[in-house]
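A.B. asks:
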Amino acid sequence: MFRQRFSGLALIRRGLTGHRDWQPHWRKAAPLASYDAVIVGGGGHGLGAAYYLAREHGLTRVAVVEKGWIGGGNTGRNTTIIRSNYLFPQSAALYDHAVKMWGELSQVLNYNVMFSPRGVMMLAHTVHDVQVFKRHVHANRCAGVDNEWLEPEQAKAFCPPLNIGSDIRYPVLGAALQRRGGTARHDAVAWGYARAADALGVDIIENCEVTGIRRDSAGAVEALETSRGLIRTRKVGVSAAGNTSVVMAMAGVRLPLESYPLQALVSEPVKPVFPCVVMSNTIHAYISQSDKGELVIGAGTDAYTSYTQRGALHVNTHTLDAICELFPDFRRLRMLRNWGGIVDVTPDRSPIIAKTPVPGLYVNCGWGTGGFKATPGSAHLFAWTIARDEPHPINAPFNIERFRDGHLIDEAAAAAVAH
Amino acid sequence: MLLIPCPHCGPRPELEFSYGGEAHIARPRQPAELDDAAWANFLYTRRNTKGAHAERWRHARGCGRFFNVLRDTTSDKILTSYPVGAPRPDPRAADSAAPESAR
Ligand SMILES: Cc1cc2nc3c(=O)[nH]c(=O)nc-3n(C[C@H](O)[C@H](O)[C@H](O)COP(=O)(O)OP(=O)(O)OC[C@H]3O[C@@H](n4cnc5c(N)ncnc54)[C@H](O)[C@@H]3O)c2cc1C
Ligand SMILES: [Zn+2]
Numbered sequence: 004m005f006r007q008r009f010s011g012l013a014l015i016r017r018g019l020t021g022h023r024d025w026q027p028h029w030r031k032a033a034p035l036a037s038y039d040a041v042i043v044g045g046g047g048h049g050l051g052a053a054y055y056l057a058r059e060h061g062l063t064r065v066a067v068v069e070k071g072w073i074g075g076g077n078t079g080r081n082t083t084i085i086r087s088n089y090l091f092p093q094s095a096a097l098y099d100h101a102v103k104m105w106g107e108l109s110q111v112l113n114y115n116v117m118f119s120p121r122g123v124m125m126l127a128h129t130v131h132d133v134q135v136f137k138r139h140v141h142a143n144r145c146a147g148v149d150n151e152w153l154e155p156e157q158a159k160a161f162c163p164p165l166n167i168g169s170d171i172r173y174p175v176l177g178a179a180l181q182r183r184g185g186t187a188r189h190d191a192v193a194w195g196y197a198r199a200a201d202a203l204g205v206d207i208i209e210n211c212e213v214t215g216i217r218r219d220s221a222g223a224v225e226a227l228e229t230s231r232g233l234i235r236t237r238k239v240g241v242s243a244a245g246n247t248s249v250v251m252a253m254a255g256v257r258l259p260l261e262s263y264p265l266q267a268l269v270s271e272p273v274k275p276v277f278p279c280v281v282m283s284n285t286i287h288a289y290i291s292q293s294d295k296g297e298l299v300i301g302a303g304t305d306a307y308t309s310y311t312q313r314g315a316l317h318v319n320t321h322t323l324d325a326i327c328e329l330f331p332d333f334r335r336l337r338m339l340r341n342w343g344g345i346v347d348v349t350p351d352r353s354p355i356i357a358k359t360p361v362p363g364l365y366v367n368c369g370w371g372t373g374g375f376k377a378t379p380g381s382a383h384l385f386a387w388t389i390a391r392d393e394p395h396p397i398n399a400p401f402n403i404e405r406f407r408d409g410h411l412i413d414e415a416a417a418a419a420v421a422h
Numbered sequence: 011m012l013l014i015p016c017p018h019c020g021p022r023p024e025l026e027f028s029y030g031g032e033a034h035i036a037r038p039r040q041p042a043e044l045d046d047a048a049w050a051n052f053l054y055t056r057r058n059t060k061g062a063h064a065e066r067w068r069h070a071r072g073c074g075r076f077f078n079v080l081r082d083t084t085s086d087k088i089l090t091s092y093p094v095g096a097p098r099p100d101p102r103a104a105d106s107a108a109p110e111s112a113r
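And the structure:
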């Protein structure tokens, strides 16, 4: 149970007494000698998995170990676009599982994650885009996922700042709109899951880097070596995003992953000017407006693998070129901050949520440039997989063996660009 | 932006190059003899090294040639570049300050 429940009444009551008696949202736990399960990585996916292990599977001796601070990885660095209009039925089922959970997440966690289904509009700039997007619209309708085609005038009506003139380098030829898509507050997702997991007895252990994975004579996981000592456990769930290859190598497991820098930037805050989310995969621009007023802009990945959490300036410049062309009103806005995260990319651009060849070792990775949207669903399915030692039907196709068996879920080819 | 030393043309800005991924992955000589796991390994499994990473670059908007680079992926510092076919240099010899390759 939460020590303090958040509500409008609680806010008013504490407002009248100077906001003095708010409590920390989670305990600062030190590692115990052993746990029933340990999650490596305190991003949204890892914290969420610990929460569902405790809430849905009755495992309460659970820890999340995070080498830095929770939410300091890609969870706190992303542009928070949420949608589920992916091409293949396996993907639509996976991402829509999450979109359905987003709608209730604030109530479930008693924490305002500020989910805002304001609509995500993806722009088509070429004949190829138009054909691909219409194919997506039809495939999504067959899969029960909303997605609709808009002509340029309809796109402009939905997003008035959009330039639909024919005199620009990549004119807008139409758009695919998912009305149930939108954004959420990234930090609140990490904090909300941490608080809710902590309330169920989960230890959230920050500044604790995993440096080794010990296995017994049968090869099964028996302990984690960490910067804060040895932690014994028979179940380890790795949810380490860009560092997954490094952690899995500690158990001798190699994966089809490469880590790339991905960047984002925000403008100075302005009054509400932008009603929805607009994405252009073809010319690499992703934009929405935060409740603080900043325009939140996503750029592309760098060409090469890296762990530096920064990227090259020309990548951002390229994105701003596209933004200025599509939204001429923003040309004179100043950019306040830019940063990078390290995203783990699979060859088919679909994630892996699966058992591994090592007994007791599970992995949730490969979310690449687009895993924030999946956070609640992925966490829920990963917890299921860890607790039952078998995948849920929704994540069963997202195994490691698909690369050997040729059952790729090739959203990379479907989108023909990063997504 | 990286300043990449092409062994044939000298240092040039990254925009002149295209990236070719992990180096020293030899195409199997007898593809028909490989089982599915070995094929998947050749096609998809990567070291994704955190540390000194041997990688291919092509001077696409210059001399057009492929070559290899040893780069520290924790700092993006380029340790050395060398022609295709040459063995992977020892990162410590290339730069004594470079960290050990994380295999
Ligand atoms: C700039 C940018 C924009 C993005 N935009 C979007 C978007 O609009 N929509 C979308 O859906 N997705 C987006 N993404 C992708 C999204 O951010 C990620 O897929 C998602 O947040 C991954 O969550 P996670 O919890 O798996 O990873 P993370 O939040 O990165 O958590 C992993 C954690 O593991 C920890 N860790 C690593 N190694 C160790 C170790 N050895 N020991 C202990 N802890 C360790 C890390 O410190 C980190 O905190 C974007 C990403 C970036 C970088
Ligand atoms: Zn050259």
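Those protein sequence lines, which keep their order, are chains A and B. In short: position in the first sequence from 1, add 3, done, that's this note's numbering. In short: position in the second sequence from 1, add 10, done, that's this note's numbering. Think of the CB as a built atom: it goes at the ideal place given N, C-alpha and C, for glycine as much as any other residue. Predicted model, so just to flag it, every value in this text is computed and none were measured.
(1) Let's see if you can read the secondary structure: which residues bound the alpha helix (DSSP H) around H60 (chain A)?
(2) Where are the alpha helix (DSSP H) runs, 4 residues long or more, that stay fully inside the region 327-392 of chain A, in chain order?
(3) Tell me which residue opens and which closes the beta strand (DSSP E) that A302 (chain A) is part of.
(4) Does the Cβ of A357 (chain A) have 16 or more other Cβ atoms within 10 Å, making it buried, or fewer, making it exposed?
(5) Using CA atoms only, rank isn't needed, just tell me which of A:H141, A:E212, A:R340 and A:A254 is closest to P362 (chain A).
(6) Hey, G74 (chain A) and D190 (chain A): beta-carbon distance below 8 Å or not?
(7) Is it the case that the Cβ atoms of L56 (chain A) and A40 (chain A) are separated by a distance below 8 Å?
(8) Got a sec: is the Cβ-Cβ distance from L89 (chain B) to anything in chain A below 8 Å?
(9) With DSSP collapsed to three states, give me the class of V318 (chain A).
(10) Look up K87 (chain B) in the DSSP assignment and say whether it is helix, strand or coil.
(11) Quick check: is the beta carbon of H422 (chain A) nearer than 8 Å to any beta carbon in chain B?
(12) Closest Cβ-Cβ distance between H63 (chain B) and chain A: below 8 Å?
(13) Let me check understanding here. Comparing Cα to Cα, which of B:R102, B:T83, B:N78 and B:T84 lies closest to N96 (chain B)?
(14) Taking 8 Å as the CB-CB cut-off, is A47 (chain B) touching chain A?
(15) Take every Cβ of the region 82-96 of chain A, pair it with every Cβ of the region 181-188 of chain A, and state whether three or more of those distances are shorter than 8 Å.
(16) Is DSSP giving Y29 (chain B) helix, strand or coil here?
(17) Quick one: complete beta strand (DSSP E) runs, 3+ long, within the region 121-204 of chain A?
(18) What distance in whole Å lies between the Cβ atoms of H317 (chain A) and L25 (chain B), which are believed to be in contact at a cut-off of 8 Å?
(19) Using a C-beta cutoff of 8 Å, does A107 (chain B) count as contacting chain A?
(20) For V133 (chain A) and A127 (chain A), what's the separation of their Cα atoms in angstroms?
(21) Identify the contact partners of L227 (chain A) in chain B, using a Cβ-Cβ distance below 9 Å as the criterion.
(22) Closer than 7 Å by C-beta to R8 (chain A): which residues in its own chain qualify, once you throw out the five before and the five after it? Chain order, please.
(23) Would L40 (chain B) be called buried (16 or more neighbouring beta carbons within 10 Å of its own) or exposed?
(24) Note down, in chain order, each residue of its chain lying with its Cβ closer than 7 Å to the Cβ of T378 (chain A), except the 5 sequence neighbours on either side.
(25) Which stretch, first to last residue, makes up the beta strand (DSSP E) that contains A226 (chain A)?
(26) Only counting the same chain, and skipping five residues up and downstream in sequence, which positions put a Cβ closer than 6 Å to that of A33 (chain A)?
(27) Of all residues in the structure, which have a C-beta closer than 5 Å to any heavy atom of ligand 2, taken in chain order?
(28) Show which residues of chain A have a CB atom less than 7 Å away from the CB atom of Y92 (chain B).
(29) At a cut-off of 7 Å, would you count S242 (chain A) as near ligand 1, judging by its Cβ distance to the nearest heavy atom?
(30) Taking 8 Å as the CB-CB cut-off, is D413 (chain A) touching chain B?
(31) Reducing DSSP to helix, strand and coil, say where G72 (chain B) ends up.
(32) Against T311 (chain A), what residues of chain B qualify as contacts under a CB-to-CB distance less than 8 Å, listed in chain order?
(33) Shorter than 8 Å from the beta carbon of R71 (chain B) to some beta carbon of chain A?
(34) Would you check if the distance between the CB atom of A325 (chain A) and the CB atom of V299 (chain A) is smaller than 8 Å?
(35) Cβ of T322 (chain A) versus every heavy atom of ligand 1: is any distance shorter than 7 Å?
C.D. replies: Considering the structure as presented:
(1) G47 to H60
(2) 378-391
(3) L298 to T304
(4) buried
(5) A:A254
(6) yes
(7) yes
(8) Interface criterion not met: the Cβ of L89 (chain B) is under 8 Å from no Cβ in chain A.
(9) helix
(10) strand
(11) Residue placement at H422 (chain A) is flagged as unreliable, the pLDDT there being 47, under the threshold of 50; a coordinate-derived value is accordingly withheld.
(12) Taking Cβ atoms only, chain A reaches closer than 8 Å to H63 (chain B), which makes this a yes.
(13) The sequence given here places Ala at residue 96 (chain B); Asn does not occur at that position. Of the candidates B:R102, B:T83, B:N78 and B:T84, the one whose C-alpha sits nearest the C-alpha of A96 (chain B) is B:N78.
(14) yes
(15) They touch, by the three-pair rule.
(16) strand
(17) 123-127, 151-153 and 177-181
(18) Contact between L25 (chain B) and H317 (chain A) holds: their C-beta atoms lie close to 7 Å from each other, under 8 Å.
(19) Note that A107 (chain B) has pLDDT 41, beneath the 50 cutoff, so the model's placement of it is unreliable and no number is given.
(20) Looking at the two C-alpha atoms, the distance is approximately 6 Å.
(21) The premise fails here: L227 (chain A) is roughly 18 Å from chain B at the closest Cβ pair, so nothing lies under 9 Å.
(22) N113
(23) Contrary to the premise, residue 40 (chain B) reads as Gln rather than Leu in this sequence. It counts as exposed.
(24) Excluding residues within five positions, the ones whose Cβ falls inside 7 Å are G47, H48, G51, A101 and V192.
(25) V224 to T229
(26) none
(27) Counting only heavy atoms of ligand 2, the residues whose C-beta sits closer than 5 Å to one of them are, along the chain, B:C16, B:H18, B:C19, B:H69, B:G72 and B:C73.
(28) Within 7 Å Cβ-Cβ: nothing; Y92 (chain B) doesn't reach chain A, min ~17 Å.
(29) yes
(30) Not one chain B Cβ lies under 8 Å of D413 (chain A).
(31) coil
(32) Residues of chain B whose Cβ lies closer than 8 Å to the Cβ of T311 (chain A) are, in chain order, T83, T84, S85 and D86.
(33) no
(34) Taking C-beta atoms as the reference points, A325 (chain A) and V299 (chain A) fail to come closer than 8 Å.
(35) no
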